[in-house]
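Undergrad: Per my numbering, the very first residue in the sequence shown carries number 891; after that it's consecutive.
Here it is: the structure, laid out below.
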Amino acid sequence: MGMGWKVVSDVKPYLAMVLLQVGFAGMYIIAVASLKAGMSHFVLVVYRNLVATAVMTPFALYFERGRRPKMSTTIFLKIMGLAILEPVIDQNLYFLGAKLTSAGFATALFNTLPAVTFVLALILRMEKVRLRSLHSQAKIAGTVLTVAGAVLMILYHGPAMQFPWTKGQHHATAGGQGAVGAAAARDWLKGTMMLIGSCMVWSCFFILQSSTLRSYPAELSVTALICGMGSLMSGAVAVVAERANTHAWVIGFDTRLLTVVYAGIVCSGVAYYLQGVVSRQRGPVFVTAFNPLCMIITAVMGSIILKEEITLGSVIGAVIIVAGLYFLIWGKSKDKIIISPSQLSDVSVKGAGALPLTLATNGHGHIKQHELGNGNGNGGHVDVETPVTNGHY
891 MGMGWKVVSD VKPYLAMVLL QVGFAGMYII AVASLKAGMS HFVLVVYRNL VATAVMTPFA
951 LYFERGRRPK MSTTIFLKIM GLAILEPVID QNLYFLGAKL TSAGFATALF NTLPAVTFVL
1011 ALILRMEKVR LRSLHSQAKI AGTVLTVAGA VLMILYHGPA MQFPWTKGQH HATAGGQGAV
1071 GAAAARDWLK GTMMLIGSCM VWSCFFILQS STLRSYPAEL SVTALICGMG SLMSGAVAVV
1131 AERANTHAWV IGFDTRLLTV VYAGIVCSGV AYYLQGVVSR QRGPVFVTAF NPLCMIITAV
1191 MGSIILKEEI TLGSVIGAVI IVAGLYFLIW GKSKDKIIIS PSQLSDVSVK GAGALPLTLA
1251 TNGHGHIKQH ELGNGNGNGG HVDVETPVTN GHY
């Protein structure tokens, strides 16, 4: 029983992140389809976060009642910062960038996310690297390979690859080679710059989210607040941006409605919650390390549904990225987490309402020794590689 619980506990964060990437891939496909059909990305962001707020608020009020920490000015400002970074800046930059390029290209470029987050985590002392440690070397090698694969996909396209499901198709996009004329080239470049900016902002969001949840460990409440504030702020931006086109706010029972509901529930509500839980327990680098999987899924789905072509450079880059992903994940799997005595009591109080993705107990309210190393009696602390729960940067 104890071994079975340990396996389930160890697998949960990996399974959660893999399923989340599948959900993101679906959103990228239907969102790009809606945007290319004329939907305003400003309006999409507003409706998406309104749906997420409506879905997540009841869960936050019910499951976190009585254990929600007291709101302070610092926490409120952090949550407001999260709302500005993700719903307002990141989502608008990403959707417009993907519209100007393609869904496959956008997700490919986002494979730099683990590397950017890893560097930011190092700067903010949320991640530690010991050059003599094998798993630290694996994390560095994985980061380098991930970036190299993404850069290759951007700079080199090569001939289009033919798959059984792409024979006879007229490709809607050609990874840069099909961009005909100066205007199309400028749009592609503009979209690329927006995607790079979106990637940087999303990395900052992960870092700030991890910091916020260490001092305010109420994932559902933070998610509802981010989406609620994001709705208000992105709404103000959309009103100004679409002031001459009031028809942009009208959506019918078509792919636009599907995009809004799907993106709001899966990619805002559920995603913020799962990312927050896993980031607080395993660190933001672990969360972003799974991003390359989304690129592979999106590339295949995009070639089938949106008729986007897959080039040789994309395939080679994907292989390199997957190799880097395995290195980075293996290195992160060897990290241990600092668990303070106050967090031990917090885990016992949460009970069934918590989602302890990485903590395993021995049935007596204590963390098993396999989580804390050698259990040397230092008050529940051990020497670790990734201090993601110590309450400080």
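All C-beta atoms in this analysis are idealised placements derived from N, C-alpha and C, irrespective of residue type, glycine included.
If you're wondering where the values come from, they're calculated on a predicted model, not measured in any experiment.
Can you tell me which residues form a DSSP beta bridge with Thr868?
TA: Residue coverage of the chain in this structure runs from 891 to 1283, which leaves residue 868 outside it and unanswerable.
Undergrad: What does the alpha-carbon distance come out to for the pair Ala1005 and Ala998?
TA: What you label residue 1005 is simply residue 115 of the sequence shown in a count that begins at 1. What you label residue 998 is simply residue 108 of the sequence shown in a count that begins at 1. If I take the Cα positions, the gap works out to 13 Å.
Undergrad: Can at least three beta-carbon pairs, one atom from the region 1150–1164 and one from the region 902–919, be found at a separation below 8 Å?
TA: yes
Undergrad: So, with DSSP's three-state summary, where would you put Gly1039?
TA: Looking up residue 1039 in the sequence shown gives position 149. Helix.
Undergrad: Express the C-alpha separation of Ile1187 and Ile1210 in angstroms, rounding to a whole number.
TA: For the purposes of this step, residue 1210 is identified with residue 320 of the sequence shown, where counting begins at 1. For the purposes of this step, residue 1187 is identified with residue 297 of the sequence shown, where counting begins at 1. It is roughly 16 Å from the alpha-carbon of Ile1210 to the alpha-carbon of Ile1187.
Undergrad: Let me confirm a value: Met929 is counted as buried when at least 16 other C-beta atoms fall within 10 Å, else exposed. Which label applies?
TA: Counting from one through the sequence shown, the residue named residue 929 turns up at place 39. Taking all protein chains in view, the Cβ of Met929 is crowded by 16 or more other Cβ atoms within 10 Å, so the residue is classified as buried.
Undergrad: Alpha carbons only, please: which of Phe1095, Gly1118, Leu1042 and Ser1105 is nearest the one belonging to Val936?
TA: Residue numbering aside, residue 936 sits at position 46 when the sequence shown is read from its first letter. It is Gly1118.
Undergrad: Taking the beta carbon of Arg1170 as the centre, do at least 16 other beta carbons fall within 10 Å, making it buried, or is it exposed?
TA: As a first step, residue 1170 is located in the sequence shown; it is residue number 280 there, counting from the start. Classification for Arg1170: buried.
Undergrad: Going along the chain, which unbroken runs of the beta strand (DSSP E) with 3 or more residues stay wholly within the region 984–1044?
TA: none
Undergrad: Take Val941 as the anchor and find which of Cys1157, Asn1181 and Gly994 has the nearest alpha-carbon.
TA: To locate residue 941, count along the sequence shown from 1; it is residue 51. Considering only alpha carbons, the answer is Cys1157.
Undergrad: Where does Glu954 fall in DSSP's three states?
TA: On the sequence shown, residue 954 is found 64 positions in, with the first residue counted as 1. Coil.
Undergrad: Please state the DSSP three-state secondary structure of Tyr1162.
TA: Taking the first residue of the sequence shown as 1, we reach residue 1162 at position 272. Correct three-state label for Tyr1162: helix.
Undergrad: Taking three-plus beta-carbon pairs below 8 Å as touching, is the region 1174–1190 in contact with the region 898–915?
TA: With the cut-off at 8 Å, the region 1174–1190 and the region 898–915 touch.
Undergrad: How about Thr1113: is its Cβ closer than 7 Å to a heavy atom in the ligand ZN?
TA: The ligand ZN is absent from the structure shown, which contains no ligands of any kind.
Undergrad: Sort Asn939, Ala1213, Pro977 and Asp900 by Cα distance to Phe1096 and report the nearest one.
TA: By one-based count along the sequence shown, residue 1096 stands at place 206. Out of Asn939, Ala1213, Pro977 and Asp900, Pro977 has the C-alpha closest to the C-alpha of Phe1096.
Undergrad: Here's a check: name, in chain order, each residue in its chain whose Cβ is nearer than 6 Å to the Cβ of Leu1035, leaving out the five neighbours to either side.
TA: Residue 1035 sits at position 145 when you count from the first residue of the sequence shown. Closer than 6 Å at the Cβ level, and outside the excluded window around Leu1035, lie Ile1210, Ala1213 and Gly1214.
Undergrad: Between Gln1027 and the rest of its own chain, which residues show a CB-CB distance below 8 Å, the 5 nearest in sequence each way excluded?
TA: The sequence position of residue 1027 within the sequence shown is 137, counting from 1. These residues qualify, in order along the chain: Leu1021 and Gly1221.
Undergrad: Do the region 1099–1116 and the region 942–954 touch if we need at least three Cβ pairs shorter than 8 Å?
TA: Counting Cβ pairs under 8 Å, three or more are found: they touch.
Undergrad: Over what stretch of residues does the alpha helix (DSSP H) that includes Met970 continue unbroken?
TA: Here residue 970 refers to the residue found at position 80 when the sequence shown is read from its first residue. First-last of the alpha helix (DSSP H) with Met970: Thr963 to Ala973.
Undergrad: Let me know the secondary structure DSSP gives Ala1153 once reduced to three states.
TA: Taking the first residue of the sequence shown as position 1, residue 1153 is located at position 263. Helix.
Undergrad: Determine, using beta carbons only, whether Thr1102 and Leu905 come nearer to each other than 8 Å.
TA: Taking the sequence shown and counting its residues from 1, the one referred to as residue 1102 is at position 212. Taking the sequence shown and counting its residues from 1, the one referred to as residue 905 is at position 15. No, Cβ-Cβ distance for Thr1102 and Leu905 is not below 8 Å.
Undergrad: Just the C-alpha distance for Tyr885 and Ala1126, rounded to the nearest angstrom, thanks.
TA: The structure shown does not extend to residue 885, since the chain spans only 891 to 1283, so no value can be given for it.
Undergrad: State buried or exposed for Ile1354, treating a residue as buried only when at least 16 other CB atoms are found within 10 Å of its CB.
TA: Here the chain comprises residues numbered 891 to 1283, so residue 1354 is not present and cannot be evaluated.
Undergrad: Take Leu1010 and list the residues in its own chain whose beta-carbon comes closer than 6 Å to its own, dropping the five residues that flank it on each side.
TA: For the purposes of this step, residue 1010 is identified with residue 120 of the sequence shown, where counting begins at 1. Here the set comprises Ser1093 and Ile1097.
Undergrad: Would you report the Cα separation of Ile1141 and Leu1147, rounded to the nearest angstrom?
TA: Position 251 of the sequence shown, counted from the start, is the residue given in the question as residue 1141. Position 257 of the sequence shown, counted from the start, is the residue given in the question as residue 1147. Computed Cα separation, rounded: 6 Å.
Undergrad: Taking only the alpha-carbon atoms, compute the straight-line gap between Met1083 and Asn982 and give it to the nearest angstrom.
TA: The residue given as residue 1083 occupies position 193 in the sequence shown. The residue given as residue 982 occupies position 92 in the sequence shown. If I take the Cα positions, the gap works out to 13 Å.
Undergrad: Rounding to the nearest angstrom, what Cα-Cα distance links Ser924 and Phe1143 in this structure?
TA: As a working mapping, residue 924 is identified with position 34 in the sequence shown. As a working mapping, residue 1143 is identified with position 253 in the sequence shown. Distance between the alpha carbons of Ser924 and Phe1143 is about 12 Å.
Undergrad: DSSP on Arg1133, reduced to helix/strand/coil?
TA: Along the sequence shown, read from residue 1 onward, the residue named residue 1133 stands at position 243. It is coil, neither helix nor strand.
Undergrad: Can you tell me whether Gln1052 is buried or exposed? The criterion is at least 16 other CB atoms within 10 Å of its CB, across all chains shown.
TA: Here residue 1052 is taken as the residue at index 162 of the sequence shown, counted from 1. Label assigned to Gln1052: exposed.
Undergrad: Classify Met961 as buried or exposed, calling it buried when 16 or more other Cβ atoms lie within 10 Å of its own Cβ.
TA: The sequence position of residue 961 within the sequence shown is 71, counting from 1. Exposed: under 16 other Cβ atoms inside 10 Å.
Undergrad: Taking Gly994 as the reference, which of Val1160, Gly1203 and Leu1218 has the closest Cα?
TA: Along the sequence shown, one-based indexing puts residue 994 at 104. When only C-alpha atoms are compared, the closest one is Gly1203.
Undergrad: Given a cut-off of 8 Å, decide if Ser1105 and Ile965 are closer than it, judged by their beta-carbon atoms.
TA: For the purposes of this step, residue 965 is taken as residue 75 along the sequence shown, with counting starting at 1. For the purposes of this step, residue 1105 is taken as residue 215 along the sequence shown, with counting starting at 1. In contact: Ile965 and Ser1105 (Cβ atoms closer than 8 Å).
Undergrad: For Ser1121 and Gly987, which I take to be in contact (beta-carbon distance under 8 Å), what is that distance rounded to the nearest angstrom?
TA: Taking the first residue of the sequence shown as 1, we reach residue 1121 at position 231. Taking the first residue of the sequence shown as 1, we reach residue 987 at position 97. The C-beta distance from Ser1121 to Gly987 rounds to 22 Å, too long to meet the 8 Å contact threshold.
Undergrad: Only counting the same chain, and skipping five residues up and downstream in sequence, which positions put a Cβ closer than 8 Å to that of Val927?
TA: Position 37 of the sequence shown, counted from the start, is the residue given in the question as residue 927. Per the sequence shown, the amino acid found at residue 927 is Ala instead of Val. Spatial neighbours of Ala927 in its own chain (CB-CB distance under 8 Å, excluding positions within 5 residues in sequence) are listed in chain order as Thr1145 and Arg1146.
Undergrad: Name the two residues that bound the continuous alpha helix (DSSP H) containing Val1175.
TA: For the purposes of this step, residue 1175 is identified with residue 285 of the sequence shown, where counting begins at 1. Run containing Val1175: Pro1174 to Thr1178, per the alpha helix (DSSP H) assignment.
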